[in-house]
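Enquirer: Below: one structure in structure tokens.
Chains as they are written, first to last, in my numbering: chain A, 85 to 374; chain B, 85 to 374.
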């Protein structure tokens with residue numbers, strides 16, 4: 085099975101890994117890659133990826149059966165304006181943005197009747213960025229959330245699911261809003277908190293930090309500009325969950341102010357136990373890049 | 085060079101790793117291990133550790149030149165009451181507790197004139213516990229904070245430093261209070277926050293979590309009872325830094341409530357940038373257990 089001609093717009097960590105994974109698994113008859121920057125196109129050419137490279141997004145999508153938007157969220161509406169007249173009406177168009185409410189609201193009206201559109205979010209990646217960090221196994225065993233709306237054509241959902249599954253991903257369907265609430269809790273808020281934690285620590289203490297601190301704050305090494313966009317795009321859900329977290333932390337702080345009281349110890353113990361138990365529900369770790 | 089007879093009281097993750105490291109490096113002429121539980125003593129016997137095992141702490145310390153207290157913080161004063169009459173006055177006594185202010189305040193008067201006492205905190209370990217998780221390389225390259233006070237005999241500091249250095253550790257000297265503030269920031273608060281984050285996430289979302297969430301919350305799998313004791317013992321410093329963090333988070337929340345404002349984006353970007361830069365100061369990762 086192949087997906088015909090596949091166009092990847094924006095070959096960064098996710099788009100680049102998609103290109104490598106499609107090539108390795110022989111899932112595309114033709115692979116088109118668009119990047120705005122000639123330097124990035126040179127980098128991909130030098131890596132020997134079997135693909136047609138172009139700096140013109142309309143050219144990339146003209147014959148495409150599947151189009152994957154892998155540019156930053158805020159660049160998506162502009163890019164879709166550029167390509168919409170060149171799309172085949174039968175083309176499946178999806179994206180890999182980390183926020184879905186705003187992306188779907190922006191793109192759905194632009195793509196209605198122009199192509200089969202549905203949002204996707206592969207929950208893969210790392211604090212690294214760019215094509216240099218891309219690898220063919222990124223999606224193996226990774227969760228991918230697909231976000232149908234009332235306007236989504238069933239064929240779009242079916243084909244998107246088939247596409248990600250062929251790359252080894254585990255599929256979950258959520259509405260764009262449910263998706264945004266979920267990733268606020270498991271990705272955006274943890275990122276924000278890791279950053280808030282680490283930025284307070286003086287350099288003399290950082291030098292003493294061990295593996296726990298390193299892991300707890302790893303995501304805070306992600307690109308600040310990209311994450312500012314992600315947090316802004318999902319601001320409502322992140323603010324909501326942040327508010328709940330602040331309330332929890334205030335209760336803990338009150339407990340810490342009277343640490344000898346039995347009641348205080350039970351507040352601490354209850355939080356730590358609930359966390360310990362919840363964490364035991366985490367799916368098994370995926371194997372690292374070989 | 086050897087340290088003569090070394091007594092390890094409490095062979096859990098840290099104490100057990102100490103025993104394995106001392107044996108592997110040939111740093112003790114005699115190794116005494118005390119554990120309260122016969123089951124733990126059997127486990128160590130079965131592992132073939134070259135040591136004399138006992139369920140009597142006074143017997144363990146009687147001939148010891150170095151005594152390392154590796155029991156939970158709250159068990160330390162009771163244990164020291166038991167052993168103080170059996171100690172050689174020339175013995176170096178130190179501990180591995182994660183909090184130093186309360187430990188030093190509790191133990192210093194008990195050990196004054198009985199032995200050479202100083203507090204230590206090896207910043208090694210993991211969310212795992214018990215002798216089964218112990219390994220001989222735990223201290224290689226790990227920071228160890230030694231906490232002299234105005235009552236500390238210079239010889240105690242010198243010998244403790246020599247001891248930990250022989251196990252491959254990097255030494256830092258801090259007062260007990262400075263230590264507690266430092267670990268509140270790099271260990272206790274991150275632990276508390278990881279727990280607060282993870283305990284709020286519903287199981288359906290946990291299943292979608294990726295590597296970032298796994299790392300950010302890894303420490304929250306640590307034993308809840310042990311961490312309740314640690315947080316209670318360092319409550320003042322943790323509450324202080326938690327208060328500062330809550331203020332930062334409230335500012336971020338205000339920014340998220342008006343995400344389109346340029347000012348809001350700069351609050352987010354400033355936090356993320358400061359975190360990104362601070363994290364680049366982390367020491368190089370130590371090699372994992374082979």
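For each residue, glycine too, the CB sits at the ideal point set by N, CA and C.
Taking the C-alpha atoms as reference points, what is the distance between residue 194 (chain A) and residue 201 (chain A)?
Expert: What you label residue 194 (chain A) is simply residue 110 of the first chain in a count that begins at 1. What you label residue 201 (chain A) is simply residue 117 of the first chain in a count that begins at 1. About 10 Å.
Enquirer: Looking at C-alpha atoms only, which residue of A:101, A:110, A:152 is the closest neighbour of residue 214 (chain A)?
Expert: Residue mapping note: residue 214 (chain A) aligns to position 130 of the first chain, counting from 1. Measuring from the Cα of residue 214 (chain A), the nearest candidate turns out to be A:101.
Enquirer: Compare the C-beta of residue 208 (chain A) against all C-beta atoms of chain B and say whether one is closer than 8 Å.
Expert: The count along the first chain starts at 1 and reaches residue 208 (chain A) at position 124. With 8 Å as the cut-off, residue 208 (chain A) counts as an interface residue toward chain B.
Enquirer: Consider the Cβ of residue 180 (chain B): report whether some Cβ of chain A lies at a distance smaller than 8 Å.
Expert: For this step, residue 180 (chain B) is matched to residue 96 along the second chain. Not one chain A Cβ lies under 8 Å of residue 180 (chain B).
Enquirer: Assign residue 150 (chain A) to buried or exposed, taking buried as 16 or more other Cβ atoms, counted over all protein chains shown, within 10 Å of its Cβ.
Expert: On the first chain, residue 150 (chain A) is found 66 positions in, with the first residue counted as 1. Label assigned to residue 150 (chain A): buried.
Enquirer: Starting from residue 377 (chain A), find everything on chain B with Cβ-Cβ shorter than 8 Å and list it in chain order.
Expert: Look at the range of chain A in this structure, 85 to 374, and you will see that residue 377 (chain A) is not part of it.
Enquirer: May I ask you to report which of helix, strand or coil DSSP gives residue 312 (chain B)?
Expert: As a first step, residue 312 (chain B) must be located in the second chain, where it is residue number 228. Correct three-state label for residue 312 (chain B): helix.
Enquirer: Inspect the beta-carbon positions of residue 212 (chain A) and residue 97 (chain A) and report whether they are closer than 8 Å.
Expert: The sequence position of residue 212 (chain A) within the first chain is 128, counting from 1. The sequence position of residue 97 (chain A) within the first chain is 13, counting from 1. Here residue 212 (chain A) is near residue 97 (chain A), since their CB atoms are less than 8 Å apart.
Enquirer: Helix, strand or coil for residue 165 (chain A) per DSSP?
Expert: One-based indexing of the first chain puts residue 165 (chain A) at position 81. Reduced to three states, the DSSP call for residue 165 (chain A) is helix.
Enquirer: Between residue 298 (chain B) and chain A, is any beta-carbon pair separated by less than 8 Å?
Expert: As a first step, residue 298 (chain B) must be located in the second chain, where it is residue number 214. Yes, contact with chain A.
Enquirer: Okay, do the stretch 260 to 275 of chain B and the stretch 307 to 323 of chain B touch, 3+ Cβ pairs below 8 Å being the bar?
Expert: The way I'd put it, the stretch 260 to 275 of chain B does touch the stretch 307 to 323 of chain B; three or more beta-carbon pairs between them come closer than 8 Å.
Enquirer: I'd like to know whether the C-beta of residue 283 (chain A) is nearer than 8 Å to at least one C-beta of chain B.
Expert: Taking the first residue of the first chain as position 1, residue 283 (chain A) is located at position 199. Using a CB distance cut-off of 8 Å, residue 283 (chain A) counts as an interface residue toward chain B.
Enquirer: Which residue comes first and which comes last in the alpha helix (DSSP H) that contains residue 239 (chain A)?
Expert: Taking the first residue of the first chain as position 1, residue 239 (chain A) is located at position 155. 238 to 250 is the span of the alpha helix (DSSP H), which, as asked, contains residue 239 (chain A).
Enquirer: In terms of residue numbering, what span does the beta strand (DSSP E) encompassing residue 261 (chain A) cover?
Expert: Along the first chain, one-based indexing puts residue 261 (chain A) at 177. It is not in any beta strand (DSSP E) - residue 261 (chain A) instead sits in the alpha helix (DSSP H) that spans 260 to 267.
Enquirer: Under a CB-based cut-off of 8 Å, is residue 231 (chain A) close to chain B?
Expert: Your numbering for residue 231 (chain A) matches position 147 in the first chain. Answer no: the Cβ-Cβ gap between residue 231 (chain A) and chain B never drops below 8 Å.
Enquirer: Does the beta carbon of residue 212 (chain B) sit closer than 8 Å to a beta carbon anywhere in chain A?
Expert: As a first step, residue 212 (chain B) is located in the second chain; it is residue number 128 there, counting from the start. It does not: the Cβ of residue 212 (chain B) has no partner Cβ on chain A nearer than 8 Å.
Enquirer: Just the chain B side, please: which residues come within less than 7 Å of residue 322 (chain A) by C-beta, in chain order?
Expert: Numbered from 1 along the first chain, position 238 holds the residue referred to as residue 322 (chain A). By Cβ distance, chain B contributes 340.
Enquirer: Can you name the residues of chain B whose CB is closer than 7 Å to the CB of residue 363 (chain A)?
Expert: Walking along the first chain from the start, residue 363 (chain A) turns up at place 279. In chain order: 282, 301, 304, 305.
Enquirer: Confirm, please, whether the CB-CB distance from residue 300 (chain A) to residue 274 (chain B) is below 8 Å.
Expert: Along the second chain, read from residue 1 onward, the residue named residue 274 (chain B) stands at position 190. Along the first chain, read from residue 1 onward, the residue named residue 300 (chain A) stands at position 216. Yes, the pair counts as a contact, with Cβ atoms nearer than the cut-off.
Enquirer: Could you tell me if residue 347 (chain B) is buried or exposed, where buried requires 16 or more neighbouring beta carbons within 10 angstroms of its beta carbon?
Expert: Counting from 1 along the second chain, the entry for residue 347 (chain B) is found at position 263. By the neighbour-count definition (other C-beta atoms within 10 Å, threshold 16), residue 347 (chain B) is an exposed residue.
Enquirer: Short of 7 Å in beta carbon distance, which residues of its chain neighbour residue 163 (chain A), apart from the five on each side in sequence? Order them along the chain.
Expert: Numbered from its first residue, the first chain carries residue 163 (chain A) at position 79. 93, 141, 153, 155.
Enquirer: Among residues of its own chain, excluding the 5 on either side of residue 240 (chain B), which ones have a beta-carbon nearer than 7 Å to its beta-carbon?
Expert: In the second chain, the residue the question calls residue 240 (chain B) occupies position 156. Closer than 7 Å at Cβ, skipping near neighbours: 176, 200, 201, 202.
Enquirer: Which residues of the stretch 140 to 162 of chain B have a Cβ closer than 7 Å to any Cβ of chain A? Give them in chain order.
Expert: none
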